[in-house]
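Visitor:
2 protein chains.
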Amino acid sequence: MTRQGLLIVISGPSGAGKGTVCQGLLQRNKELCLSVSCTTRPPRPGEQHGVNYFFVDKTTFEQMIANNQLLEYAKVYDNYYGTPQKYVEEKLAAGRDVILEIDIQGALQVKQKYPQGVLIFLVPPSLSLLKERLTNRGTDSAESIASRLKCVCDELSNTGRYDYLVINDTVENAIDQVEAIIKAEKCRPSRFDFDMKKFLEC
Amino acid sequence: MTRQGLLIVISGPSGAGKGTVCQGLLQRNKELCLSVSCTTRPPRPGEQHGVNYFFVDKTTFEQMIANNQLLEYAKVYDNYYGTPQKYVEEKLAAGRDVILEIDIQGALQVKQKYPQGVLIFLVPPSLSLLKERLTNRGTDSAESIASRLKCVCDELSNTGRYDYLVINDTVENAIDQVEAIIKAEKCRPSRFDFDMKKFLEC
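Chains as they are written, first to last, in the UniProt record's numbering: chain G, 1 to 202; chain U, 1 to 202.
1) Closer than 8 Å is the cut-off here; do at least three beta carbon pairs connect the segment 85-105 of chain G with the segment 1-12 of chain G?
2) In whole angstroms, what is the alpha-carbon distance linking residue 116/U and residue 110/U?
3) To which residues of the same chain is residue 162/U closer than 6 Å at the C-beta, ignoring the five residues directly before and after it?
4) Which term fits residue 160/U, buried or exposed, when burial requires 16 or more other beta carbons within 10 angstroms of its beta carbon?
5) If contact is defined by three or more beta carbon pairs under 8 Å, each pair taking one atom from either stretch, is the segment 143-160 of chain U in contact with the segment 38-58 of chain U?
6) Can you give the Cα-Cα distance for residue 102/G and residue 197/U, rounded to whole angstroms?
7) Is DSSP giving residue 75/G helix, strand or coil here?
8) Considering only C-alpha positions, which residue in the set 23/U, 167/U, 87/U, 147/U is nearest to residue 126/U?
9) On the criterion of 16 or more Cβ atoms from any shown chain inside 10 Å, does residue 153/U qualify as buried, or is it exposed?
10) Based on Cα-Cα distance, which residue from 169/U, 164/U, 131/U lies nearest to residue 189/G?
11) Answer with yes or no whether the minimum CB distance from residue 144/G to chain U is below 8 Å.
12) Distance, Cα to Cα, residue 184/G vs residue 191/G?
13) Figure out for me which residue from 97/U, 134/U, 53/U has the closest Cα to the Cα of residue 16/U.
14) According to DSSP, is residue 83/G helix, strand or coil?
15) Taking the C-alpha atoms as reference points, what is the distance between residue 46/G and residue 55/G?
16) Are the C-beta of residue 122/G and some C-beta of chain U separated by less than 8 Å?
17) So what does DSSP say about residue 118/U, is it helix, strand or coil?
18) If we cut at 8 Å on Cβ distances, does residue 174/G have a partner in chain U?
19) Does the structure place the segment 14-31 of chain U close enough to the segment 171-182 of chain U that three or more beta carbon pairs sit under 8 Å?
20) What's the call for residue 200/U, buried or exposed, on a 16-neighbour Cβ count within 10 Å?
21) Let's see if you can read the secondary structure: which residues bound the alpha helix (DSSP H) around residue 65/U?
22) Using alpha carbons as the reference points, say which of 181/U, 187/U, 107/U lies closest to residue 13/U.
23) Determine which residues share a DSSP beta bridge with residue 178/G and list them.
24) By the criterion of Cβ-Cβ separation under 9 Å, what are the contact partners of residue 160/U in chain G?
25) Say whether chain G places a C-beta atom closer than 8 Å to the C-beta of residue 177/U.
26) Cα separation between residue 179/U and residue 53/U?
27) Measuring CB to CB, does residue 34/U end up less than 8 Å from residue 97/U?
28) Just curious, the beta strand (DSSP E) that residue 55/U is in, first and last residue?
29) Using 10 angstroms around the beta-carbon of residue 51/U, count the other beta-carbons present and answer buried if the total reaches 16, otherwise exposed.
30) Looking only at its own chain, which residues have a Cβ that is under 6 Å from the Cβ of residue 64/U, when we skip the five neighbours before and after it?
31) Could you pull out every residue in the same chain whose Cβ sits closer than 6 Å to the Cβ of residue 61/G, ignoring the five residues on either side in sequence?
32) Hey, which unbroken runs of the alpha helix (DSSP H) at 4 residues or more fall wholly within the segment 97-178 of chain U?
33) Just checking: is the beta-carbon of residue 166/G within a distance shorter than 8 Å of some beta-carbon in chain U?
34) Which residues in the same chain as residue 212/U place their Cβ atom closer than 7 Å to its Cβ, once the five residues preceding and following it in sequence are excluded?
35) With a cut-off of 8 Å, does the C-beta of residue 196/G fall near any C-beta of chain U?
36) Tell me the residue span of the beta strand (DSSP E) that contains residue 22/U.
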């Protein structure tokens with residue numbers, strides 16, 4: 001019997017460096033697999049269906065919601081984004097560990113539906129650095145940045161909802177810690193594939 | 001404020017390789033500290049008070065029991081063995097991670113007194129290998145070995161009491177896993193020394 005894979009949810013505020021940590025993690029660990037989200041937004045040039053996203057129309061997405069086929073979803077402006085449960089479950093059943101990079105609201109939805117998932121909250125090293133990163137991106141207004149920073153403080157005052165906290169002081173450190181968490185979680189009695197029959201026989 | 005150290009309890013049946021794994025762990029991680037036990041048995045040649053054991057007389061040991069000064073203790077034949085709570089707590093308070101190498105009965109006593117301790121059960125790779133190791137030691141009768149092997153099977157059928165299980169297939173693998181567990185446990189929200197004030201200021 002194949003051992004069930006691990007669902008690792010990497011979450012945290014925008015600007016915490018989720019994307020960089022996930023990419024580094026995948027580069028170092030070829031056996032890890034990144035979950036592919038569904039969206040109703042049109043593909044950008046170069047984006048491929050099934051690689052960057054599963055591109056679906058609004059009716060299809062709303063049917064997936066109605067049929068409870070999403071681990072989590074959100075509507076951002078006029079577009080839906082969500083994590084298809086079937087895709088993730090198939091990978092896990094095949095023994096693959098799956099990485100989900102997602103905001104904290106989505107992460108908490110996943111944890112509710114799939115409590116054995118491992119929820120890692122990536123903490124930016126300081127508020128001023130986070131402000132700097134968000135400002136340098138140039139995609140948010142000063143008002144939106146202020147509101148995001150306020151949000152981060154709220155999220156950090158309620159850390160009991162997360163399984164692990166990782167400070168992203170350097171990408172290497174953060175990846176080391178996520179790797180240790182994955183290795184340790186596989187030693188949990190509930191996940192441990194101890195084969196008593198084999199133990200007794202061999 | 002110094003972050004509280006971690007108490008790591010390495011347990012498992014005799015012959016599982018606890019001693020070898022602990023020694024390897026301490027060699028690789030100089031900042032780890034091994035707990036020193038108390039005993040009423042006389043020192044063997046070369047053994048030093050405060051290094052190998054704290055050698056105390058029976059009256060002193062029984063006073064320590066009465067005063068609740070031991071994290072765990074056991075009487076083996078005519079001698080007492082136990083873990084002095086003060087020694088461990090002082091190291092932890094100074095931010096040192098402490099390793100406790102101990103049998104499963106003692107480990108469960110420690111976990112009851114100090115639930116934030118991390119209980120790792122070291123699993124021998126197979127029963128036949130364990131039998132071979134115990135036989136080669138030459139210190140146990142065939143009867144005692146049979147009773148020990150029976151005991152291992154009981155312990156393994158009740159793994160929910162342990163925080164982690166580590167198969168000691170090779171010492172290197174086992175040490176890697178214990179190191180990952182230590183690193184991961186430090187990312188637990190309950191142990192995380194997140195300094196919100198510093199986060200907001202710097």
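Using N, Cα and C, we set each Cβ at its ideal position, and we do this for glycine too.
Guide: With the structure as the only source:
1) Output reads yes: the segment 1-12 of chain G touches the segment 85-105 of chain G.
2) Roughly 10 Å between the two C-alpha positions.
3) Correct list, in chain order: 119, 121.
4) Residue 160/U is classed as exposed because its beta carbon has fewer than 16 other beta carbons within 10 Å across all chains shown.
5) No, because fewer than three Cβ pairs between the segment 38-58 of chain U and the segment 143-160 of chain U fall closer than 8 Å, the two stretches do not touch.
6) Linking residue 102/G to residue 197/U through their CA atoms gives a straight-line distance of about 27 Å.
7) Residue 75/G: strand per DSSP, three-state reduction.
8) Ranking 23/U, 167/U, 87/U, 147/U by Cα distance to residue 126/U puts 167/U first.
9) Exposed: under 16 other Cβ atoms inside 10 Å.
10) Of the listed residues, the one whose Cα sits closest to residue 189/G is 164/U.
11) Residue 144/G does not count as touching chain U.
12) Spanning the two alpha carbons is a distance of roughly 10 Å.
13) For residue 16/U, the closest alpha carbon among the candidates 97/U, 134/U, 53/U is that of 134/U.
14) Of the three classes helix, strand and coil, the one that applies to residue 83/G here is strand, per DSSP.
15) One alpha carbon belongs to residue 46/G, the other to residue 55/G, and they sit about 13 Å apart.
16) By this cut-off, residue 122/G is not an interface position.
17) Strand at residue 118/U.
18) Look at residue 174/G: its C-beta is not under 8 Å from any C-beta on chain U.
19) They touch, by the three-pair rule.
20) Here residue 200/U is exposed. Its C-beta has fewer than 16 other C-beta atoms within 10 Å.
21) Counted as a single uninterrupted DSSP element, the alpha helix (DSSP H) harbouring residue 65/U occupies residues 58-66.
22) Out of 181/U, 187/U, 107/U, 107/U has the C-alpha closest to the C-alpha of residue 13/U.
23) Residue pairing by DSSP places residue 178/G opposite no residue, since no beta bridge is assigned to it.
24) Near residue 160/U (Cβ distances below 9 Å), the residues of chain G are 189, 190.
25) At a cut-off of 8 Å between beta-carbon atoms, residue 177/U makes contact with chain G.
26) Approximately 25 Å between the Cα atoms of the pair.
27) Their beta carbons are not under 8 Å apart, which means residue 34/U does not touch residue 97/U by this criterion.
28) Its beta strand (DSSP E) spans residues 53-55.
29) Under this definition residue 51/U is an exposed residue.
30) Taking C-beta separations shorter than 6 Å and ignoring five residues to either side along the sequence, the partners of residue 64/U in its chain run 70, following chain order.
31) Here residue 61/G has 40, 80 as same chain residues with Cβ atoms under 6 Å from its own Cβ, once five neighbours each way along the sequence are excluded.
32) Annotation note: the segment 97-178 of chain U contains the following uninterrupted alpha helix (DSSP H) runs of length 4 or greater, listed N- to C-terminal: 104-113, 127-137, 142-156.
33) Output row for residue 166/G: interface = yes.
34) With chain U running from 1 to 202 in the structure shown, residue 212/U is simply not present.
35) For residue 196/G, the answer is yes, since a Cβ of chain U falls inside 8 Å of its Cβ.
36) Under the DSSP assignment, residue 22/U falls outside any beta strand (DSSP E), being part of the alpha helix (DSSP H) whose first and last residues are 18-28.
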